[in-house]
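Right, one structure below, let's go through it.
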Amino acid sequence: MGPDIPWYLAVSSILFAIGVGGVLLRRSPLIVLLSLEIMLNSANLAFVGFSRLHGEMDGQIFALAVMAVAASEVCVGLGLIVAMARRRLTLDVDTLTELKG
Amino acid sequence: MAFGGWLCLLAPLAGFLAILLAGTRITRRQAGILSTASVFVGFAGAVIAFVDALGRTPEDRAELTASWTWLTAGDFRVRLELLIDPLSLVMMLVVTGIGGLIVLYSNGYMAGEDEERRYFAYMSFFVFAMLLLVEGGNLLLLLVGWGLVGLASYLLIGFDHHRPSAVLAAKKAFLMNALGDAIMALGLFLAIAKVGSLDYGAVFDAASSGALSDTTVTLIALGLLGGAVAKSAQIPLHTWLPDAMEGPTPVSALIHAATMVTAGVYLICRTHPVFEAAPDIQHLAALLGLATLLLAGVVALVQWDIKRVIAYSTMSQIGYMFVGAGVGAYGFAMFHLVTHAFFKALLFLAAGIVIHHLSGEQDIRKMGGLRRELPVTHVTFLIGTLALVGIPPLAGFWSKDPILAAALAQGGALGWVLYVGGLLGAVLTGLYALRLYFYVFHGERGEAHAEGHHGEGARTMTWPVLVLAGGTCVVGFLAIPGVWEPFEEWLEPVVPPLVAPTAAQDWLTSLVAVTLGVLGSYLAWRAFRAGRELVADGALRNALEHKLWFDELYDALFTRPAQALALRLRDNVEQPVVQRGLDELAEGTLDAAAVAGRAQSGLLRTYALAFAVSVSVLALVFLVVR
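Heads up: the protein sequence lines correspond to chains B and P, in order. In terms of my numbering, the first sequence has 6 at position 1, counting the first letter as 1, and numbering is strictly consecutive. In terms of my numbering, the second sequence has 1074 at position 142, counting the first letter as 1, and numbering is strictly consecutive.
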């Protein structure tokens, strides 16, 4: 047996907070993307933890699904960043305000 | 019999679709040939069904072709089925036979016209619609055919769509017919509500067994009569027919003489149990017919347009048919329908040759002395005219007089009014028909002659006229009162007549009617010889030239109030409420969007913050509320 469930949840919460902080505070799109991944994986950790608590496989399966979505998302996100770099745009989310209302 | 019926119905439809889909890939000539062939194939189908029916016993001649369900709504269902019985067979033969001759004639008449393909497609379509009307196995199919016939007439009257008067006439015909369709639809709705079915059998059983209240039956009959009156151009919905002469002449022959306008008579005969259960309405039909035949007769006395005179004579003759159907002499009414189809198509087609010869001139004051230039047309037109007047042994004599005799046999005040009015109509017929004949074919050569050198036209034009003239001479012998009456016996199982005139009444009527017809003709001849008009100048003539102010009356009663109402609604409702309301809505949306747009900064991190804060607040709310 490993650590108790609260420890898993605590780590998950800390990871999620780090992710939120990264998304809110950093200006480089690359780092924002990384932070998003951290948030997703914190959720995965919570899933797996609960799966273990209840002794059921649902949470683990869901974690796999989240990973698949995360991978697709990274593809799109990195593709966008590469496209921006090619057009020599500044890699700063605060200057990308083209869609202002 | 079913095969013949379906072939008859579907051949013209196939012709219509073929011409429509082929477009410019076929020449104009081919379109005409295709259309003619499709209608004659339909005629062959009708003949097949007819021969089949002849081989059966009279009671066995009605056949409802088994078919499939078309509409279902709860218990109410309508089947797509054809009713082939002696009555519809008569109509099928007339529609495809006379119609085929007229379409054949069109090949010569319309040659060189623009858009000939469209014309022939419409002609086939019209024949299909009319066949659907007469063959439909229940009242709904009949109504469908009814509406399609109205559409076809709209398309054909407005064929010359670059002429504003033709477009107006087409609109007028369509509106009048649509009004009739709507009235008829109301009657059918009532039948659905009270009987629960539109099958002929069910409706007739309910009407004649007394299962329906008197009011219901009366209203259903009134609805049917409304449709019949509009389609057959009887008072008060008659004003479209004279204007419909804007269409090409063969169209006038086909739609406004031989077939379409007789649909009302067919309807009354077909639904006779309903009318018999509501005798007031049936008598109303007879009285409307009488009023129409007299009105059309007097108005025709002062018309100058060759086609309009014939159009008024059509209204007048259909008035006779309504009188016949109104007193319950269905066989006589249907027989007059058949003979009228022959001689009226003949008159129109002969008039078409005259118009064609004179390069489109229709004013009879500019004609005259044409009997030497158009000898064949002259003779055939004379045959048609005499048949119209009812001179023996031509068709009109055998069919019109029995109707009057039936009115006499009906007796009572109604019978006498119809009888005397009908005889008066015979004088008028002699007057206007012979006046037209003399103006066109006798006297001095008119001024319109210099332009025209078409002669009697192609063989496709003269042959149908000759065939119709032959038919006019012989078709009357299908019903010789008291001697040989195969026509009445043929219809007897389907539409048993209510009255049967005695031999004495027949002979008396014929004697009086022919005398009066000859008298009218003689007066017309005297007036023409003396160069006088039949109606002297003055108030009466003025009234007649305005067609007794029916158009003006409808204009004042319906058109102007409707226009005034529409104008007021536009100024007081549409502009201030609808238009302004929409403008306000649009401006409000724009303003709101401008405010909301400020929140959209385009800054990714602001959005993320808003997101995070919102989710946190929601999470807190859930924690607290739990």
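C-beta: ideal position from N, C-alpha, C; glycine also.
Excluding the 5 residues preceding and the 5 following residue i in the sequence, name in chain order all residues of the same chain whose CB lies nearer than 8 Å to its CB.
| i | result |
| --- | --- |
| I1412 (chain P) | W1330 |
| V1099 (chain P) | G1090, H1093 |
| D99 (chain B) | R32 |
| G1389 (chain P) | G1040, Y1041, I1285, H1288, H1289 |
| W1481 (chain P) | A1475 |
| G1260 (chain P) | H1204, E1208, Q1214, A1338, Q1342, P1429, L1430, V1431 |
| R1303 (chain P) | H1310, F1373, H1374 |
| K1298 (chain P) | L1290, G1378, E1379, A1380 |
| K1163 (chain P) | W1078, V1081, G1082, N1109, G1112, M1192, V1193, A1195, G1196, L1199 |
Thinking just about the alpha-carbon of each residue, which of the options is nearest to the one in residue i?
| i | options | result |
| --- | --- | --- |
| L1582 (chain P) | P:E1376, P:G1387, P:L1440 | No information on residue 1582 (chain P) is available, as it lies outside the stretch 933 to 1558 that chain P covers here. |
| L1363 (chain P) | P:E1420, P:T1394, P:V1352, P:A1228 | P:A1228 |
| D1295 (chain P) | P:G1343, P:F1373, P:G1044 | P:F1373 |
| A1468 (chain P) | P:S1184, P:V1259, P:F1058, P:L1233 | P:L1233 |
| L1063 (chain P) | P:G1044, P:S1020, P:A1105 | P:S1020 |
| F1008 (chain P) | P:F1264, P:K1126, P:A1526 | P:K1126 |
| L1279 (chain P) | P:E1420, P:V1399, P:D1175 | P:V1399 |
| G1292 (chain P) | P:M1177, P:G1343, P:V1427, P:G1375 | P:M1177 |
| L96 (chain B) | B:L104, B:L83, B:K105 | B:L83 |
| E1045 (chain P) | P:A1117, P:H1215, P:W1395, P:T959 | P:T959 |
| G1316 (chain P) | P:V1509, P:G1328, P:P1307 | P:G1328 |
| S56 (chain B) | B:L104, B:K105, B:I10 | B:I10 |
| A1544 (chain P) | B:L14, B:G24, B:Y13, B:S17 | B:G24 |
| L1410 (chain P) | P:P1334, P:T1181, P:Y1371 | P:P1334 |
| V1149 (chain P) | P:L1350, P:V1161, P:I1124 | P:I1124 |
| I1034 (chain P) | P:A1282, P:D1113, P:T1001 | P:A1282 |
| L949 (chain P) | P:S1056, P:S1038, P:Q962 | P:S1056 |
| K1332 (chain P) | P:G1344, P:K1298, P:A1445, P:L1144 | P:A1445 |
| G987 (chain P) | P:A1494, P:G1529, P:L1130, P:W1422 | P:W1422 |
| A1165 (chain P) | P:A1223, P:L1144, P:P1493 | P:A1223 |
| L104 (chain B) | P:A1531, P:V1556, P:L1550, P:A1551 | P:A1531 |
| W1348 (chain P) | P:A1358, P:M1023, P:V1359, P:L1336 | P:L1336 |
| L1083 (chain P) | P:A1061, P:I1167, P:F1121, P:A1101 | P:A1061 |
| V1450 (chain P) | P:M1247, P:L1320, P:I965 | P:L1320 |
Taking residue i as the query, report the chain P residues whose CB atoms sit under 9 Å from its CB, ordered along the chain.
| i | result |
| --- | --- |
| D99 (chain B) | L1535, L1536, R1537 |
| L1 (chain B) | Nothing about residue 1 (chain B) can be reported from this structure: the residues present for chain B run from 6 to 106 only. |
| V25 (chain B) | A1540, A1544 |
Indicate the three-state DSSP secondary structure (helix, strand or coil) for residue i in the structure shown.
| i | result |
| --- | --- |
| V1426 (chain P) | coil |
| I1115 (chain P) | helix |
| R1537 (chain P) | helix |
| T959 (chain P) | coil |
| I1412 (chain P) | strand |
| G1284 (chain P) | helix |
| W1172 (chain P) | helix |
| V1010 (chain P) | strand |
| W1236 (chain P) | coil |
| G7 (chain B) | coil |
| D1131 (chain P) | strand |
| T1203 (chain P) | coil |
| A1165 (chain P) | coil |
| G1068 (chain P) | strand |
| I1323 (chain P) | coil |
| E1045 (chain P) | coil |
| T100 (chain B) | coil |
| T1271 (chain P) | helix |
| A1208 (chain P) | Reading the sequence as shown, one finds Glu at residue 1208 (chain P) and not Ala. Reduced to three states, the DSSP call for E1208 (chain P) is helix. |
With a threshold of 7 Å on Cβ separation, who are the neighbours of residue i within its own chain once the five nearest residues in sequence on each side are excluded?
| i | result |
| --- | --- |
| A1257 (chain P) | V1197, I1200, C1201, A1217, A1265 |
| V1426 (chain P) | A994, D1017, P1018, L1019 |
| L1314 (chain P) | Y1369 |
| H59 (chain B) | none |
| F982 (chain P) | L1021, L1025 |
Taking 6 Å as the cut-off, does the CB of residue i come closer than this to any heavy atom belonging to the ligand MN?
| i | result |
| --- | --- |
| D97 (chain B) | Looking for the ligand MN in the displayed structure turns up nothing, as the structure carries no ligands at all. |
Contact between the segment 1196 to 1211 of chain P and the segment 1139 to 1158 of chain P (3+ Cβ pairs under 8 Å): yes
Stretch pair the segment 1009 to 1018 of chain P + the segment 1055 to 1070 of chain P: three plus CB contacts closer than 8 Å: yes
Three or more C-beta pairs below 8 Å linking the segment 32 to 42 of chain B and the segment 50 to 65 of chain B: no
Stretch pair the segment 1219 to 1227 of chain P + the segment 1243 to 1255 of chain P: three plus CB contacts closer than 8 Å: yes
At least three beta-carbon pairs within less than 8 Å, the segment 1042 to 1053 of chain P to the segment 1104 to 1111 of chain P: no
Segment contact, 8 Å Cβ cut-off, at least three pairs: the segment 1182 to 1195 of chain P with the segment 1127 to 1142 of chain P: no
Cβ contact check for the segment 933 to 941 of chain P and the segment 975 to 992 of chain P: 3 or more pairs under 8 Å: yes
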